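Peer 1: Its first residue numbered 40, the sequence shown is counted upward by one per residue in my numbering.
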Amino acid sequence: MPTVTVAVLVAGAAAYRLSDSNGDPSKANGPGGRDRGSAPSSRPHSSLPSKSTASPGAGYRQVYAETELTSPDPSYEFDLRNGTVAPESTAAWYLARTADAFEFPDDSDAYIAYDDTLSPGGCEEGIDSEPVTTLKFDDLEEWRPFCIRSANGKDIAIVHLIDAPTTSESVTVSVRHYRRTD
């Protein structure tokens, strides 16, 4: 009889963890499926991320939407303000890249979202509660956007990593840029 009780308890715990992750065992890692310590399992990226349905929210206007950009090598960076690819060290507000990570200006802030929906307001909240200082490719997935807030706090770029150097030297991202209106 004790063996049956243990089996029922184990099955119940597994069902609870899977229900918490919407049936995806890879997301069954604690509250809300969050496991910031482990690297994502799906590499390389090859498809476009799902387009977020998050609205800009009060106090923001969209400057540009879902702009796909490709940096052919580390001598190019993403100019977040203009939505373009620029030669390294030419953009004031940028997302540069190394062989395994993104780099952003020291006076900017960043946040990595836990799911595929990130709004400017969600970015602000994330930066205020869980800012990050590194953006390693292994910590990012196309369903997991991240954001960069400019030094003046008026601009926010929400970025999805689409393709990283595991398959080529180029890096492709999709970027949405928002500006505060108040």
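Where is the CB? At the ideal position from N, CA and C, for every residue including glycine. The model shown is predicted, which means the values in this text are computed figures rather than measured ones.
Please identify the residue among L174, D177, P159, T129 whose C-alpha is closest to the C-alpha of R188.
Peer 2: Checking every option, the nearest Cα to that of R188 belongs to P159.
Peer 1: How far does the beta strand (DSSP E) with S168 in it reach, from first residue to last?
Peer 2: Run containing S168: none in the beta strand (DSSP E); it sits in the alpha helix (DSSP H), 159 to 168.
Peer 1: Between the C-alpha atoms of R209 and I151, what's the straight-line distance to the nearest angstrom?
Peer 2: With the sequence shown as reference, residue 209 is identified as Ser, and Arg is not the correct amino acid for it. In a straight line, the C-alpha of S209 is about 22 Å away from that of I151.
Peer 1: Can you give the Cα-Cα distance for A149 and F143, rounded to whole angstroms?
Peer 2: Using only the alpha carbons, I get a separation of about 8 Å.
Peer 1: When you compare each of E180, V171, D145, Y133 to T156 by their alpha carbons, which one comes out closest?
Peer 2: The shortest Cα separation from T156 among E180, V171, D145, Y133 belongs to E180.
Peer 1: In whole angstroms, what is the alpha-carbon distance linking S128 and P184?
Peer 2: Using only the alpha carbons, I get a separation of about 24 Å.
Peer 1: Return the CA-CA distance between H199 and T220, expressed in angstroms with no decimal places.
Peer 2: Cα to Cα, H199 sits roughly 24 Å from T220.
Peer 1: Which residue's Cα is closest to the Cα of A125: D139, T137, S110?
Peer 2: Residue S110 is the option with its Cα nearest to A125.
Peer 1: Are the CB atoms of A138 and P204 within a distance shorter than 8 Å?
Peer 2: In this structure, A138 lies closer than 8 Å to P204 by Cβ.
Peer 1: Within 8 Å of any Cβ in chain B, is that where the Cβ of R219 sits?
Peer 2: In the displayed structure, chain B is absent; only one protein chain is listed.
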